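J.:
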Amino acid sequence: MQEIINIKKSIVRMTHRSKSSHVGSCLSICEILYCLYFKVMNIDPHDPHKIDRDKFILSKGHGSAALYATLAERGFFPKDKLEGFYMDHGTLPGHLDMQAVDGIEASAGSLGHGLSLGLGMAIANKCDSNPGRIFVLLGDGECNEGSVWEAVMLAATLRLQNLTAIVDMNGLQGFGRTCEVIDQTNMTERWAAFGWEVHEADGHDMGQLEKVFGFHQKGPKAIIAKTVKGKGVCFMEDRLEWHYKSPNDEQCESALRELDGKS
Numbered sequence: 021m022q023e024i025i026n027i028k029k030s031i032v033r034m035t036h037r038s039k040s041s042h043v044g045s046c047l048s049i050c051e052i053l054y055c056l057y058f059k060v061m062n063i064d065p066h067d068p069h070k071i072d073r074d075k076f077i078l079s080k081g082h083g084s085a086a087l088y089a090t091l092a093e094r095g096f097f098p099k100d101k102l103e104g105f106y107m108d109h110g111t112l113p114g115h116l117d118m119q120a121v122d123g124i125e126a127s128a129g130s131l132g133h134g135l136s137l138g139l140g141m142a143i144a145n146k147c148d149s150n151p152g153r154i155f156v157l158l159g160d161g162e163c164n165e166g167s168v169w170e171a172v173m174l175a176a177t178l179r180l181q182n183l184t185a186i187v188d189m190n191g192l193q194g195f196g197r198t199c200e201v202i203d204q205t206n207m208t209e210r211w212a213a214f215g216w217e218v219h220e221a222d223g224h225d226m227g228q229l230e231k232v233f234g235f236h237q238k239g240p241k242a243i244i245a246k247t248v249k250g251k252g253v254c255f256m257e258d259r260l261e262w263h264y265k266s267p268n269d270e271q272c273e274s275a276l277r278e279l280d281g282k283s
């Protein structure tokens, strides 16, 4: 899908231009973001604050370039704003700022807080009889944070049908393989044990993603999305160093050629 390619190319350009990190973390979630913003969520770029809109929180806030690129592709703001990502005097900070542009529902940076924010929004919508749904995307390494599981427990107790969590299971975090830091190979079982409805999907397969997002839920739903860090750029895929590195001139050009199918 051309929009996904455009989003990934924007990410490569943004991280190259700003010499910033987390390009691998961004590339692992592009299909998920595309599915949400183009297929699943009730949103309107021309009326971004409508009261009954669905809301998305990127709890792994270091993936900000992916969300900015998706919002621009969806029409929330002009694409030329992306040129100011992580730059002096730019308007798009390296970690999400909800004051920066329309479409950002929560500021992010310190990990482990997004699900609690989403939980509060879901409770508020339920109290107000607001049909808007809440979607929260977390990293698998982020699930080491105890605050994540506090929110998981309460959401299950309240049977919040309007809350969906997506875990980006790319298997890598800042200091190594997630299974070597804190083993989370049983992620599905963990969420299910707390009373969530849990579904697994290939996080890069649009058919699977649309299917699991479409399942009716009687309580909070978790989607365990099996992904590849750096997906779409062969020399970045499943490589820890691209959690921190930014592409140099040659790597940027190579990545863009590959994404265009010209490698």
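Under this note's numbering, the final residue of the sequence shown carries the number 283; numbering is consecutive throughout.
Quick reminder that beta carbons are idealized off the backbone N, C-alpha and C, glycines included.
These numbers come from a predicted model, not from an experiment.
Residue 195: buried (16+ other C-beta within 10 angstroms of its C-beta) or exposed?
T.: Result: exposed.
J.: Would you tell me roughly how many angstroms separate the C-alpha atoms of residue 118 and residue 104, rounded to the nearest one?
T.: If I take the Cα positions, the gap works out to 16 Å.
J.: So, with DSSP's three-state summary, where would you put residue 177?
T.: Helix.
J.: Measuring alpha carbon to alpha carbon, tell me which residue in 92, 112, 139 and 52 is nearest residue 244.
T.: That would be 52, whose Cα lies nearest to the Cα of residue 244.
J.: For the beta strand (DSSP E) that contains residue 247, what are its first and last residues?
T.: It is not in any beta strand (DSSP E) - residue 247 carries neither H nor E in the DSSP assignment.
J.: Give the DSSP-derived three-state secondary structure of residue 269 in the structure shown.
T.: DSSP places residue 269 in helix when its eight states are reduced to three.
J.: In terms of residue numbering, what span does the alpha helix (DSSP H) encompassing residue 29 cover?
T.: Residues 22-38.
J.: Helix, strand or coil, according to DSSP, for residue 164 in the structure here?
T.: Helix, per DSSP.
J.: Touching or not, the region 159-177 and the region 99-115, by the rule of three or more beta carbon pairs under 8 Å?
T.: No, because fewer than three Cβ pairs between the region 159-177 and the region 99-115 fall closer than 8 Å, the two stretches do not touch.
J.: Between residue 57 and the rest of its own chain, which residues show a CB-CB distance below 6 Å, the 5 nearest in sequence each way excluded?
T.: Result list for residue 57: 90 and 94, in chain order.
J.: Bridge partners for residue 171 per DSSP, in chain order?
T.: Beta-bridge pairing links residue 171 to no other residue.
J.: Just list the residues that DSSP pairs residue 188 with in beta bridges.
T.: In DSSP, residue 188 forms a bridge with 159 and 245.
J.: Which residues in the same chain as residue 42 place their Cβ atom closer than 6 Å to its Cβ, once the five residues preceding and following it in sequence are excluded?
T.: Within the same chain, residue 42 has close Cβ partners 82.
J.: Ignoring anything shorter than 3 residues or poking outside the region 51-106, list the beta strand (DSSP E) runs there in chain order.
T.: The region 51-106 contains these whole beta strand (DSSP E) runs: 75-78.
J.: Once DSSP output is grouped into helix, strand and coil, what is the label at residue 275?
T.: Here residue 275 sits in helix by DSSP.
J.: Report yes if the C-beta distance between residue 139 and residue 171 is below 8 Å; otherwise report no.
T.: Cβ distance < 8 Å, so residue 139 and residue 171 count as in contact.
J.: Any heavy atom of the ligand FAD closer than 7 Å to the CB of residue 183?
T.: Summarising the ligand content, the structure contains no ligands, and the ligand FAD is consequently not present.
J.: Residue 198 to residue 247, Cα distance in whole Å?
T.: One C-alpha to the other measures close to 13 Å.
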